[in-house]
Structures are given as structure tokens and as C-alpha cells.
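Notes follow the structure.
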Amino acid sequence: MKRKNLREERCPIARSLERVGEWWSLLIIRDAFHGLCRFDEFQQSLAIAPNILSRRLATLVENGLLEKHPYSTRPLRYEYRLTPAGRGLGPVLFTLLQWGNTHFSPEGASIALAERTTGTVVEPTLFDLVHQKPISLETHQLVAGPAADRKMTARIARAAAQHQADSATKESTP
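Heads up, the sequence shown is in UniProt numbering, so the first residue is 1 and it goes up one at a time.
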């Protein structure tokens, strides 16, 4: 069965997933953030089959998250470096890291995020710069943007109605 192409979806999450691909891609991006850049480095780190790694790297290059730079001409070999779009995944990965540490690491964090100059371990959070407060489901909601179609507008309205119903239930529960 052929996978559905999400490039034309109105949902930015769906469009983003189309470019990132499956979970190997995020692990490759993670490793690129850790300084890995060569095929053999990715393969050793991930213990991934060469054909799968080749396809994932090609897709990440095609989607503008990595770029290829030759480092050897005989034989021709490439390094893969993060593009600005690839580096833009940093906050997403930091948030995913924190979520994983919070919910799936009963033994404690194996990796944390620290402020570069002081080394102080920090907890990443999404932050609303306009109102100067953390973003949460209790304080923020999704709203239809100017490019939203009827399907997206209906999905957002359904989520808002569900949130109102949940809030009413919480308020009426002693």
C-alpha cells in the first residue's frame, strides 16, 4: 500500500512530518546535532542498514534539512550538514527530549539540555513571547489561520468545543 503524500495538507504538522519522514530521520537529525556528518558515522551510531540510511539521507537532502558536501573525490564521499531548516528542528528535538525524560525515563535522564555558557541544566518549554508565559493547553488554543480550509476550521472548532466541555466538567466536579 502506498503511503499518502502529506505535502499538500493544510496542517503544518502533517506537512512537517512529510519532510521529516519516519523515525530514522529524526535520529539522523539528532546525530547531526551531535556532530556526526559522514555516512559511516551515522551507520555506526544508528546500526541502520546502508540502503535505509542512503534513502533517508537522500530524502533529508531533497527536503532541505541536510545538505551534501564532498570531502573526498577518490572515491567520491560526502558529509551531510544541517541546513537552516534542519537547525530549526533543534527546539523541536529539545522539547521531544524533555517530554521523553518526563514520561519515559523512570531511571532518570540520560541526556539533558544545558545553557552553553554556564552549563546550567535547563528544562525547555514553549514560551509565549507576547504574553511572557509558558504555552500550555490550559492557557492557549489553536485558531484557524488565514490559509485554513473548511476541514481545518472544523477540526479547530471541534477541539475548542471539546476543551470547553472538559473545562465545564472539571468545574462541576467537587
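Glycine included, each C-beta is placed from N, C-alpha and C at the ideal position.
None of these values were measured; they are calculated from a predicted model.
Among the candidates the options, whose CA atom is the shortest distance from the CA of residue i?
| i | options | result |
| --- | --- | --- |
| residue 58 | 72, 74, 78 | 78 |
| residue 88 | 69, 64, 148 | 64 |
| residue 12 | 146, 119, 84, 67 | 146 |
| residue 125 | 117, 118, 135 | 135 |
Less than 7 Å between C-beta atoms, sequence neighbours within five positions excluded: which residues of the same chain meet that for residue i?
| i | result |
| --- | --- |
| residue 175 | The chain is shown from 1 up to 174; residue 175 falls before or after that span and cannot be answered. |
| residue 83 | 64, 65, 66, 67 |
| residue 56 | 21, 24, 25, 28 |
| residue 142 | 156, 159 |
Going by beta carbon distance, what residues of the same chain come within less than 6 Å of residue i, once the five residues before and after it are set aside?
| i | result |
| --- | --- |
| residue 74 | none |
| residue 38 | 79 |
| residue 85 | 64, 65 |
| residue 171 | none |
Could you check where the beta strand (DSSP E) with residue i kicks off and where it finishes?
| i | result |
| --- | --- |
| residue 72 | 66–73 |
| residue 82 | 76–82 |
Tell me the residue span of the alpha helix (DSSP H) that contains residue i.
| i | result |
| --- | --- |
| residue 142 | First-last for residue 142: undefined, no H or E at that position. |
| residue 100 | 90–104 |
Beta-carbon within less than 8 Å of residue i's beta-carbon, same chain only, minus the 5 sequence neighbours each way: which residues are those?
| i | result |
| --- | --- |
| residue 36 | 42, 45 |
Using DSSP bridges, identify the partner residues of residue i.
| i | result |
| --- | --- |
| residue 113 | 122 |
| residue 128 | 133 |
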